[in-house]
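Report on the structure given below.
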Amino acid sequence: MKTVFLKIVSGIMFACCFFPSAALSQDWGEIMTVTEATNIRADRRTTAKINGKLEAGKKVRADFSDGGWYAVFRLDEKERNEKKALGYVLAQRLKAVGQPSPPQPKKSEEKAAAVTEAPDKNNEEIILRNITFKLRPDGHEKVFIALNRQASPALSSVQDTSPRVIADFKNVASVKAGLQNIAVDGRLIKRIRSSFNPATRMLRIVLDLDASKNYVADQAFYQAENLYVLDLSEEVLKK
């Protein structure tokens with residue numbers, strides 16, 4: 047299971063919150079094993095500069111868990127100082143020493159299979175079947191994008207007087223009619239727009255957001271239903 051994470055200082059933060067269990071080390075942090083080869087990023091986002099790489103089976107000291115990422119250190123690092131970290135690694139790529147790899151989550155709304163960070167290698171063309179919106183009682187606002195197969199869009203955001211989240215899908219064959227402009231009754235999401243360019247086979251889905259809010263957005267894919275989901279909630283900033 048892998049995730050996509052993008053953090054922006056103000057405005058919108060993308061994250062996924064599945065964490066492996068961790069055993070306490072003798073002094074600080076957790077001694078953890080890398081479950082598969084992974085990049086060490088300069089920041090808690092997949093688009094950040096790559097500081098290095100960890101091979102599967104490598105042991106590191108991990109601490110400062112935040113937003114689905116760990117700061118990782120050399121095993122012999124004695125000072126608990128985040129500035130001395132090698133960088134950041136997705137939590138799903140680590141497991142506590144002596145513990146089994148974390149189990150795959152159940153296919154439920156709260157524990158959907160997370161969207162992979164790796165590029166989509168499936169050559170089958172994508173068909174957009176529908177876009178629906180759901181406002182949950184807990185304040186979360188979910189956008190369900192129904193496809194014919196699993197697909198991972200390139201996710202980005204725009205921070206200005208008209209903030210928005212943008213999901214770009216490649217290798218799209220067709221799009222259901224009537225999805226170009228969807229008005230929704232969300233407190234955070236104000237409108238959903240989509241545009242499809244047959245020449246480039248690119249589908250762009252845009253969520254227009256309330257400019258007065260800060261956001262956290264989780265993304266997931268429900269394999270059984272072929273549903274890609276964006277889940278937005280309001281980020282309460284600490285004072």
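47 is the number of the first residue of the sequence shown in the working numbering; add one for each residue after it. Just so it is clear, CB atoms sit at the ideal spot from N, CA and C, and this is done for glycine as well.
| Query | Result |
| --- | --- |
| Closest Cα partner of Thr84 within the set Lys129, Leu136 and Glu123 | Leu136 |
| Beta-ladder partner(s) of Gln265, from DSSP | Leu276 |
| Between the CA atoms of Ala102 and Ala68 - distance to the nearest angstrom | Confidence in Ala68 is poor, its pLDDT being 35 and thus under 50, which makes the residue's placement too unreliable to answer from. |
| Under 9 Å between C-beta atoms of Asn217 and Arg247 | yes |
| Beta-carbon spacing of Ala213, Leu273 below 9 Å | no |
| Contact check, Lys104 vs Ile77, beta carbons under 9 Å | no |
| Residues that Thr178 bridges to, as DSSP identifies them | Phe190 |
| Candidates Glu125, Gly98 and Lys95, of which the one nearest Arg107 by Cα | Glu125 |
| Residue of Val189, Gly113 and Arg120 minimising C-alpha distance to Phe267 | Val189 |
| For Ala99, three-class secondary structure by DSSP | According to the sequence provided, residue 99 is Lys. The question's Ala does not apply to it. Here Lys99 sits in strand by DSSP. |
| Residue burial classification, Gly185 (beta-carbon count within 10 angstroms, cutoff 16) | exposed |
| Closest residue to Gln226 among Asp109, Glu271, Gln269 and Thr178 (Cα-Cα distance) | Thr178 |
| Same chain, Cβ closer than 6 Å to Glu280, neighbours up to 5 away in sequence not counted | Lys259 |
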